[in-house]
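Quick notes on the structure that follows.
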Amino acid sequence: MSFSQIMIRELRSLRVAVFHPADGDREELMLHIRRIGCTVYADWPIPTHPTRETDIALCLLSETGEQLPDWPDVALIAILQYESPVVVRSLLDSNAHGIVTKPIRAFGILSTLLLTRSLHRFSQRQKAKTDKIEETLRSRRLIDRAAEALSASGFGTLEACHQAIRRAAMEGRVTAASVAENILAGKAVPVIEMLRRG
């Protein structure tokens, strides 16, 4: 089954929140979302955190330029009534993955929900990859600093120090970064001490 087929199939299980003042536009939007098959609830004003389990939130972007919420686990769709410079600036500063314009029409809501969900998932995957790369780089810098400290203490060459850190990590069944942290904190690392004496 393709990714798009999975997205369409799971559409009916989505929990959608509409953060918009109670009026005809809100009712119209909720009606269209219900017809698609999603579970939907409404609230106003926009809370600091979603009040229920929410996959997608549609939030009215006010003409005062008030920011949309920053909810990393929720895909955001901005509801636009105007396209003033203030609103457009707020939209660009937000982390919205889609827009719905007023007056509300049925056309485009299904596509916007699907595209928003897909873009949000992609963003989450990219963030996870970036976080992993940043953690790897942080660990590398830590290990390099520990190897330099060992080398400066007369342990041996930088290459020998790196090998000793890797060996201590394997024998201790811990990460090389945790061995490096111990070295930099001045804690005794048994394998390193044994190699130093050896």
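By the UniProt record's numbering, the letter at position 164 of the sequence shown is numbered 164, and the numbering carries on one by one without gaps.
Backbone N, C-alpha and C define an ideal beta-carbon position, used for all residues, glycine too.
Fill in: Limits of the unbroken alpha helix (DSSP H) element including Thr24
Within the sequence shown, numbered from 1, the residue matching residue 24 stands at position 24. The amino acid occupying residue 24 in the given sequence is Gly; Thr does not appear at that position. It spans Gly24 to Ile36 - the alpha helix (DSSP H) in which Gly24 sits, taken as one unbroken run.
Worksheet item: For Ala106, which three-state DSSP category applies?
Response: The residue you call residue 106 lines up with position 106 of the sequence shown. It is coil, neither helix nor strand.
Worksheet item: With a Cβ-Cβ cutoff of 8 angstroms, do Glu193 and Leu142 count as a contact?
Response: Residue 193 sits at position 193 when you count from the first residue of the sequence shown. Residue 142 sits at position 142 when you count from the first residue of the sequence shown. Not closer than 8 angstroms, so no.
Item to complete: Would you mind sorting Ala78 into buried or exposed? The rule is 16 or more other CB atoms within 10 Å of its CB.
Response: The count along the sequence shown starts at 1 and reaches residue 78 at position 78. The residue is buried, with at least 16 neighbouring Cβ atoms inside 10 Å.
Item to complete: For Leu14, I'd like the list of residues in its chain whose CB is within less than 8 angstroms of its CB, leaving aside the five on either flank, ordered along the chain.
Response: Position 14 of the sequence shown, counted from the first residue, corresponds to residue 14. Within the same chain, Leu14 has close Cβ partners Cys38, Thr39, Asp55, Ile56, Leu113 and Arg117.
Fill in: the stretch 158-168 touching the stretch 121-133, judged by at least three CB pairs closer than 8 angstroms
no
Item to complete: Could you name the residues of the same chain whose beta carbon sits closer than 8 angstroms to that of Leu80, not counting the 5 residues immediately before and after it, in chain order?
Response: Taking the sequence shown and counting its residues from 1, the one referred to as residue 80 is at position 80. Answer for Leu80: Leu61, Val87, Leu91, Ile99, Val100, Thr101 and Lys102, listed in chain order.
Worksheet item: Terminal residues of the continuous beta strand (DSSP E) containing Ile79?
Response: In the sequence shown, residue 79 corresponds to position 79, counting from 1. That run of the beta strand (DSSP E) goes Ala75 to Leu80.
Discussion item. Tell me which residue opens and which closes the alpha helix (DSSP H) that Ala177 is part of.
Written reply: Position 177 of the sequence shown, counted from the start, is the residue given in the question as residue 177. Here the alpha helix (DSSP H) through Ala177 covers Ala176 to Leu184.
Worksheet item: Just curious, the beta strand (DSSP E) that Ile99 is in, first and last residue?
Response: By one-based count along the sequence shown, residue 99 stands at place 99. Unbroken beta strand (DSSP E) run through Ile99: Gly98 to Thr101.
Worksheet item: What are the uninterrupted segments assigned as beta strand (DSSP E) that are 3 or more residues long and contained completely in the stretch 51-75, given in chain order?
Response: 56-60
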